[in-house]
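In the numbering used here, the protein residues as written are -16 to 166.
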Amino acid sequence: MKQKSKVKNMALCALFTALTAVGAFIRIPVPVVPFTLQFLFTMLAGLLLGGKLGAVSVGLYAFLGLAGLPIFAEGGGLWYFLKPSFGYIIGFVIGSYVTGKMTEKPEGLTMGRILAANFTGLAIVYGAGMVYYYVICNYVINTPIGLWPLFLYCFLLAVPGDICLCFVAAVLARRLKPVIANM
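Now the structure itself:
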């Protein structure tokens, strides 16, 4: 039985790694930071797999992209560390972990608790993304960006879609969590 659980966990981690990669190519054009479905799949990884396995699946996605597979929204490779948008990928890993940890206990798992976890994950993703963007632009690649343009392009224009994805992920998690638990 324990072997079956390990195989199930590995398969689910691989599935969410693949879904996150596919989500990078489902794009809605927004200036500066492309809007993709990566956020949806990274939050679902945390919600459905738990903090540790969710972060493992998203971390594997980040590792594969840095290793050279073109699975990030704008390619892949070790040079991606210098892309201002790489901070969002770091935020995906941390956000998936925190979201998963907040919803691991099945008792009292209400829609409100799932949404609170999703919005916490959203804050982590945008916090990490915007800080990284600012630091890389202003101190590494010498393409300065001010705080207002950063806030406008990296938050205001991008966050409405991800807020909607928080609700989509909550509904999906509520329905899928019992199914995955009974696999």
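Glycine included, every Cβ here is placed at the ideal spot set by N, Cα and C.
Exposure of residue i, with buried meaning 16 or more beta-carbon neighbours within 10 Å
i, result
"residue 33", "buried"
"residue 56", "buried"
"residue 166", "exposed"
"residue -6", "exposed"
"residue 91", "exposed"
"residue -12", "exposed"
"residue 48", "buried"
"residue 11", "exposed"
Reduced DSSP category for residue i - H, G, I as helix; E, B as strand; rest coil
i, result
"residue 168", "Residue 168 lies beyond the stretch modelled for the chain, which goes from -16 to 166, so this question has no answer here."
"residue 24", "helix"
"residue 170", "Residue 170 is absent from the model: the chain starts at -16 and stops at 166."
"residue 86", "coil"
"residue 93", "coil"
"residue 58", "strand"
"residue 0", "helix"
"residue 103", "helix"
Residue i vs residue j beta-carbon contact at 8 Å
i, j, result
"residue 93", "residue 26", "no"
"residue 104", "residue 144", "no"
"residue 64", "residue 24", "no"
"residue 42", "residue 51", "no"
"residue 111", "residue 58", "no"
"residue 117", "residue 133", "yes"
"residue 38", "residue 5", "no"
Inter-residue CB distance, residue i and residue j (contact presumed, cutoff 8 Å)
i, j, result
"residue 31", "residue 163", "5 Å"
"residue 101", "residue 153", "6 Å"
"residue 141", "residue 18", "6 Å"
"residue 44", "residue 86", "Not quite, the Cβ-Cβ distance comes to about 20 Å (not below 8 Å), so this is no contact."
Separation of residue j from residue i, as counted between CA atoms
i, j, result
"residue 28", "residue 22", "10 Å"
"residue -8", "residue 115", "31 Å"
"residue 99", "residue -4", "23 Å"
"residue 125", "residue 96", "42 Å"
"residue 107", "residue 148", "15 Å"
"residue 127", "residue 68", "14 Å"
"residue 84", "residue 146", "20 Å"
"residue 131", "residue 157", "37 Å"
"residue 136", "residue 74", "17 Å"
"residue -15", "residue 88", "20 Å"
"residue 1", "residue 36", "14 Å"
"residue 80", "residue 53", "24 Å"
"residue 66", "residue 113", "12 Å"
"residue 119", "residue 109", "15 Å"
"residue 129", "residue 72", "22 Å"
"residue 161", "residue 62", "40 Å"
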